[in-house]
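Visitor: Counted the way my numbering counts, the sequence shown spans residues 72 to 445. Sharing a structure below in structure tokens format, with a few things to ask.
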Amino acid sequence: MVKLFMTNNRFSFSIHGCLFALSLVLMACGGAEQQEQGAVEPQKQYKWKMVTSWPKNFPGLGKAPETFAQYVNKMSAGRLTVKVYGAGELVPGFEVFDAVSQGTVQMGHSGAYYWKGKSAATQLFTTIPFGMNAQETNAWLHYGGGIELWREVYKPFGLIPFAGGNTGVQLAGWFKKEINSIDDIQGLKMRIPGLGGEVFKKLGGIPIALTGGELFTSLQSGAIDATEWVGPYNDLAFGLYKAADYYYYSGWHEPGPTLEFIVNVQAFSALPEDLQAIVEVATRAVNQDMLDEYTARNNEAMVALQEKHKVDMRPLPADVMTALRDASQVVMQEQAAADPMFNKVYQSYSSFQQKVQQYHRISEMEYYLNRAGK
Ligand code: CA
């Protein structure tokens, strides 16, 4: 029986409330109380492996699993250690889900939308074209029933998902030629995953699935005409500016993409309750930490791209954006009609989005306009 520490939108403070704050854990969790209750086996050590879909130590995406491993090691005083593997070190980036599901390794860090072949609904836990931003998505996941639905979708695969970071609003991507109208999208081969890829296809483009490590050479060789990746911080690191001249915004297709930690349910169940709580709290901490890192680094990288590398950054034309928005509506309705679980999750997501954006219209959005003097 898996009892998660943070469920029903609240923290459980019953036995392990002292684990709530990272800085307090080592000081506050005295052994006496827990040993009396038999929850801790001080001698037992757990050694986990975590496979990821990113190059080892890649900025942002690849830093998150390393940060997780550091948090867990410190909070557990070394009772749980996690060794992180980059894409291709143990398994390829697109085999993370299967490796954790089958128990080959205990844990993975990836993006849920890579697993649409397992269940179409997985895509909704990463991001939705013209959907919620990071702040709103986190609210849905942790206070709007999203994480419970995510766990329902992954349960048949023996996996427990946790939100594992968010990049914030991404950019539309790198194009080898200008996009002046919908005509320029016809037959265009673009690396664009998930529901964004379905929308792109609806407008006549050809979505291609590639992991991050394959992007640069594919774009440079002309195997693809365009690619989205993340945003300035990560795109600069991959050197994508050397392979394409035009960098378009905004990231209509990925407005608040959530990464995922996935844990094998048997491995999680085998942990004592305090280590389970440490795993869960560490995922929550990393989820916020990644957004903080991207928010801090993206602008620095954008300035470098524009000033040092003379990258031409421009908005997608308004009529292209309108067509993408209209096509997104059609794709979401089609997907919801075709798959009951997709529909169930989408109803929850879109209903939450309607409510939160009603408030954000007069708070966040109005403030951005006020701040800009518009
Ligand atoms: Ca992306």
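Using N, Cα and C, we set each Cβ at its ideal position, and we do this for glycine too.
Going by the CB atoms, is the gap between V153 and W125 shorter than 8 Å?
Guide: For the purposes of this step, residue 125 is identified with residue 54 of the sequence shown, where counting begins at 1. For the purposes of this step, residue 153 is identified with residue 82 of the sequence shown, where counting begins at 1. The answer is no: Cβ separation not under 8 Å.
Visitor: Using only the heavy atoms of ligand 1, determine whether one of them is closer than 7 Å to the beta carbon of E371.
Guide: On the sequence shown, residue 371 is found 300 positions in, with the first residue counted as 1. No, ligand 1 has no heavy atom inside 7 Å of this Cβ.
Visitor: Taking Cβ to Cβ, would you say A356 is nearer than 8 Å to Y304?
Guide: Reading the sequence shown from its first residue, position 285 is the one you call residue 356. Reading the sequence shown from its first residue, position 233 is the one you call residue 304. Not a contact, by the Cβ cut-off of 8 Å.
Visitor: Considering Cα atoms alone, identify which of Y156, G188, S190 is closest to T175.
Guide: In the sequence shown, residue 175 corresponds to position 104, counting from 1. For T175, the nearest C-alpha among the options comes from Y156.
Visitor: Helix or strand or just coil, what does DSSP make of L274?
Guide: The residue you call residue 274 lines up with position 203 of the sequence shown. It is coil, neither helix nor strand.
Visitor: Alpha carbon to alpha carbon, what distance is there between D306 and W300?
Guide: Start at 1 with the first residue of the sequence shown, and residue 300 comes out as number 229. Start at 1 with the first residue of the sequence shown, and residue 306 comes out as number 235. Roughly 7 Å between the two C-alpha positions.
Visitor: Taking just the CA atoms, how far does I263 sit from T298?
Guide: Indexing the sequence shown from 1 puts residue 298 at position 227. Indexing the sequence shown from 1 puts residue 263 at position 192. C-alpha separation (whole angstroms): 6 Å.
Visitor: Tell me whether M301 counts as near ligand 1, meaning its Cβ is closer than 7 Å to at least one heavy atom of that ligand.
Guide: Here residue 301 is taken as the residue at index 230 of the sequence shown, counted from 1. The displayed chain sequence assigns Val, not Met, to residue 301. Answer for V301: yes, Cβ within range of ligand 1.
Visitor: P130 and A308 look like a contact to me (Cβ under 8 Å); what is the Cβ gap, rounded to whole Å?
Guide: In the sequence shown, counting from the first residue as 1, residue 130 sits at position 59. In the sequence shown, counting from the first residue as 1, residue 308 sits at position 237. Right, the Cβ-Cβ distance comes to about 5 Å (below 8 Å), so this counts as a contact.
Visitor: Among the residues of its own chain, which have a CB less than 6 Å from the CB of Y225, if the five just before and after it don't count?
Guide: Locating residue 225 in the sequence shown gives position 154, counting from the first residue. Taken in chain order, the residues that qualify are P232.
Visitor: Could you tell me whether the Cβ atoms of T282 and A158 are closer together than 8 Å?
Guide: Looking up residue 282 in the sequence shown gives position 211. Looking up residue 158 in the sequence shown gives position 87. Result yes, Cβ atoms of T282 and A158 sit closer than 8 Å.
Visitor: Our contact map puts S252 next to D360 with C-beta atoms below 8 Å; I'd like the distance itself, whole angstroms only.
Guide: Counting from 1 along the sequence shown, the entry for residue 252 is found at position 181. Counting from 1 along the sequence shown, the entry for residue 360 is found at position 289. So it is not a contact: roughly 41 Å between Cβ atoms.
Visitor: I need the boundaries of the beta strand (DSSP E) containing A234, first residue and last residue.
Guide: In the sequence shown, the residue the question calls residue 234 occupies position 163. Run containing A234: 230-237, per the beta strand (DSSP E) assignment.
Visitor: Quick one: is the Cβ of E325 within less than 7 Å of any heavy atom of ligand 1?
Guide: Walking along the sequence shown from the start, residue 325 turns up at place 254. For ligand 1, at least one heavy atom lies less than 7 Å from the Cβ of E325.
Visitor: Could you round the C-beta distance between T238 and G302 to whole angstroms and report it? I think they count as a contact, below 8 Å.
Guide: For the purposes of this step, residue 238 is identified with residue 167 of the sequence shown, where counting begins at 1. For the purposes of this step, residue 302 is identified with residue 231 of the sequence shown, where counting begins at 1. Correct: roughly 6 Å between the Cβ atoms.
Visitor: To the nearest angstrom, how far is the alpha carbon of S85 from that of K115?
Guide: Reading the sequence shown from its first residue, position 14 is the one you call residue 85. Reading the sequence shown from its first residue, position 44 is the one you call residue 115. Bear in mind that a pLDDT of 40 at S85, under 50, signals an unreliable position, so the number given afterwards is only what the model happens to contain. Rounded to whole angstroms, S85 to K115 spans 23 Å at the Cα level.
Visitor: Just the C-alpha distance for R65 and Y320, rounded to the nearest angstrom, thanks.
Guide: For residue 65 there is no data in the structure shown, the boundaries of the chain being 72 and 445.
Visitor: So, with DSSP's three-state summary, where would you put K313?
Guide: Counting from 1 along the sequence shown, the entry for residue 313 is found at position 242. If DSSP states are grouped into helix, strand and coil, K313 belongs with the helices.
Visitor: Write down the C-beta distance between K381 and A315 rounded to the nearest angstrom, noting that I regard them as a contact closer than 8 Å.
Guide: Numbered from its first residue, the sequence shown carries residue 381 at position 310. Numbered from its first residue, the sequence shown carries residue 315 at position 244. No, K381 and A315 are not in contact; Cβ-Cβ is about 13 Å, not under 8 Å.
Visitor: For L230, which residues from the same chain have a beta carbon less than 8 Å from its beta carbon, with the 5 sequence-adjacent residues on both sides left out?
Guide: By one-based count along the sequence shown, residue 230 stands at place 159. Answer for L230: F168, V171, S172, I333, V334, N335, V336, listed in chain order.
Visitor: Does the Cβ of P326 have 16 or more other Cβ atoms within 10 Å, making it buried, or fewer, making it exposed?
Guide: Start at 1 with the first residue of the sequence shown, and residue 326 comes out as number 255. Result: buried.
Visitor: Given 7 Å as the limit, tell me if Q194 has its C-beta closer than that to any heavy atom belonging to ligand 1.
Guide: Residue mapping note: residue 194 aligns to position 123 of the sequence shown, counting from 1. Because no heavy atom of ligand 1 lies under 7 Å away, the Cβ of Q194 does not count as near it: no.
Visitor: Just the Cα atoms here: how many angstroms apart are I256 and I433?
Guide: Counting from one through the sequence shown, the residue named residue 256 turns up at place 185. Counting from one through the sequence shown, the residue named residue 433 turns up at place 362. So the two alpha carbons sit approximately 35 Å from each other.
Visitor: By how many angstroms is the C-alpha of E435 removed from the C-alpha of N209?
Guide: For this step, residue 209 is matched to residue 138 along the sequence shown. For this step, residue 435 is matched to residue 364 along the sequence shown. Between N209 and E435, the C-alpha separation is close to 15 Å.
Visitor: For P200, is the beta carbon positioned less than 7 Å from some heavy atom of ligand 1?
Guide: On the sequence shown, position 129 is the one that residue 200 refers to. No, the beta carbon of P200 sits no closer than 7 Å to any heavy atom of ligand 1.
Visitor: Confirm the yes/no value for this check: CB of P227, any heavy atom of ligand 2, distance under 7 Å.
Guide: By its list of ligands, the structure shown excludes ligand 2, since it contains just ligand 1.
Visitor: Taking the beta carbon of L345 as the centre, do at least 16 other beta carbons fall within 10 Å, making it buried, or is it exposed?
Guide: In the sequence shown, residue 345 corresponds to position 274, counting from 1. According to the sequence as given, residue 345 is Asp; it is not Leu. With 16 or more Cβ atoms within 10 Å of its Cβ, D345 is classed as buried.
Visitor: Please say whether G265 and T197 have beta carbons closer to each other than 8 Å?
Guide: To locate residue 197, count along the sequence shown from 1; it is residue 126. To locate residue 265, count along the sequence shown from 1; it is residue 194. It is a contact, given that the beta carbons lie within the stated cut-off.
Visitor: Residues bridged to I333 by DSSP?
Guide: Taking the sequence shown and counting its residues from 1, one reaches residue 333 at position 262. According to DSSP, I333 bridges with G179, P232.
Visitor: How should M384 be labelled, buried or exposed, when 16 other C-beta atoms within 10 angstroms of its C-beta is the threshold for buried?
Guide: Numbered from its first residue, the sequence shown carries residue 384 at position 313. Counting Cβ neighbours within 10 Å, M384 comes out exposed, since fewer than 16 surround it.
Visitor: Are there 16 or more other CB atoms within 10 angstroms of the CB of E446, so buried, or fewer, so exposed?
Guide: Outside the modelled stretch of the chain, which goes from 72 to 445, sits residue 446, for which no answer is possible.
Visitor: Using the DSSP secondary-structure output, state which residues sit across from A297 in a beta bridge.
Guide: Residue numbering aside, residue 297 sits at position 226 when the sequence shown is read from its first letter. DSSP output for A297 lists F246, M261 as bridge partner(s).
Visitor: In three-state DSSP terms, what is T197?
Guide: For this step, residue 197 is matched to residue 126 along the sequence shown. Of the three classes helix, strand and coil, the one that applies to T197 here is coil, per DSSP.
Visitor: Is L376 closer than 8 Å to Y312 when the C-beta atoms are compared?
Guide: For the purposes of this step, residue 312 is identified with residue 241 of the sequence shown, where counting begins at 1. For the purposes of this step, residue 376 is identified with residue 305 of the sequence shown, where counting begins at 1. It is a contact, given that the beta carbons lie within the stated cut-off.
Visitor: DSSP on R442, reduced to helix/strand/coil?
Guide: Your numbering for residue 442 matches position 371 in the sequence shown. Helix, per DSSP.
Visitor: Go to V153, then tell me how far its beta strand (DSSP E) extends in each direction, as first and last residue.
Guide: Position 82 of the sequence shown holds residue 153. Its beta strand (DSSP E) spans residues 151-156.
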